[in-house]
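Everything below concerns the one structure shown next.
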Amino acid sequence: MSEDADLVKKLQNPTLKDTAFSALLDAYQERLYWHIRKIVTTHENADDVLQNTFIRVYKSIQKFEGKSSLHTWMYRIAYNESMRFLEKNKKKRYDNIDEFSESHLEVLFEDAYFDGDEIQLKLQEIINGFTEKQQRIFQLKYFDDLSFRKISEILEVSESTLKSTYYTTVKIIEEKIFL
Amino acid sequence: MEKSTENNSKQNFLKEGLKGGISKHHKKYLGTTIPEGYFAKSKMSILNKLKEESKIEAPKKQLVFWMQPQFKYIAAACLIFILSLTVWLQHINKPASINETNFELFAFSDDVLLESLLIDESEVEAFVDATLFNEVLVKVELSEQKLDNFILDNLILGDSLLDDYIYEGLIETIVL
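Which chain is which? The protein sequence lines are A and B, in order. Each residue of the first sequence is one higher than the one before, counting from 1 in the working numbering. Each residue of the second sequence is one higher than the one before, counting from 1001 in the working numbering.
Next comes the structure, spelled out in structure tokens:
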């Protein structure tokens, strides 16, 4: 936490900004990439959104007031950028959200950087069957290993709702995965 | 035996948590991978993109340079100074012209007489000279010119009428 505070100070100092930004990339690039990848499905899309996210972080760091942690703030930016990307692509390619949901697996198969086996594909299918909010909650908790408090800040949902949603999704997955 | 293994895996599934790297975790459960050395390349790509963007923004800053507050205020101050100087110069010239024309505008009235008490003698003399010139000499000159014109017109008109009369009368006398 104190490391993040120090990093923010450096990022907000024009003379140290570039060096600090390089350190920020080292610290958060991988985590944010996977957070984005799960929302936008393919590596190519995730790469685009990751770039946009870090450029937005670089430009907006002066406005960061420290009300939330740097970690949470960046996740929120990544989440918003991903949703913006999906909205843009949805308008281009799909007429409605159902069509988009169905196409998620098709897009996943087309991705050169997916080589999942039967179980992995089944997990993708189950997650894809959840509502958009359920998907985000499960992914942020299980794959990104964030605390409920942080997820609550990112998605702006109460912690109790998060917990019940998460345990419900886990139960559904465990029931369906070996069927 | 097979069923107990399945039950164990059911119980353990999703309970291992994040072990090892986050990328390995994703590959293990979701089957998603990334190109080799992707994060190093991506980092360079992001830094280069930022450099390019800052280069593009640099000329914009030069354009904005002239609109920066300190220059705006200087420009506004100069404009106000020029305008006020123009107005001031106009006001400086006005009293002189009023002094010159004052005497010409004055007429012989009580006001003028009262004013003459408050004005220097030299100025009164100048006023008298100017008025004398305007009121007397110019008017006399004009009236003389009018008289001359009147006489000349009459002479010309008289001659032409007489000529016409003689001409018409002569023809009538001859024809009739």
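Note that the Cβ used here is the ideal one computed from N, Cα and C, for glycine as well.
Query, Result
"Tyr33 of chain A vs Ala23 of chain A beta-carbon contact at 8 Å", "no"
"Helix, strand or coil at Phe181 of chain A [DSSP, three-state]", "What the structure shows of chain A is the stretch from 1 to 179, and residue 181 of chain A is not part of that stretch, so it cannot be assessed."
"Three-way DSSP call (helix, strand, coil) for Thr19 of chain A in this model", "helix"
"Alpha helix (DSSP H) runs contained entirely in the region 6-59 of chain A, provided each spans 4 or more residues", "17-40"
"Secondary structure of Thr72 of chain A, DSSP reduced to three states", "helix"
"Opening and closing residue of the alpha helix (DSSP H) in which Gln134 of chain A lies", "Glu132 to Phe138"
"Proximity test, Cβ basis, 8 Å: Gly129 of chain A and chain B", "no"
"The region 60-73 of chain A in contact with the region 119-135 of chain A per 3-pair CB rule at 8 Å", "no"
"Assigned exposure category for Arg149 of chain A - 16 Cβ within 10 Å defines buried", "exposed"
"Partner residues on chain B for Leu123 of chain A, Cβ-Cβ distance less than 8 Å", "Tyr1029 and Leu1030"
"Beta-carbon gap between Gly66 of chain A and Gly1031 of chain B smaller than 8 Å", "no"
"Proximity below 8 Å, CB of Ile36 of chain A to CB of Val57 of chain A", "no"
"Local Cβ density within 10 Å of Trp73 of chain A, reported as buried at 16 or more and exposed below that", "buried"
"Neighbour list for Gln51 of chain A in chain B, Cβ cutoff strictly below 7 Å", "Ser1045, Ile1046 and Lys1049"
"Three-state secondary structure assigned by DSSP to Glu1006 of chain B", "Confidence at Glu1006 of chain B is low in this model, with a pLDDT of 47, below 50, so its placement is unreliable and no value can be given for it."
"Per-residue contacts from Ile55 of chain A into chain B (C-beta, under 8 Å)", "Ile1046, Lys1049, Leu1050 and Glu1053"
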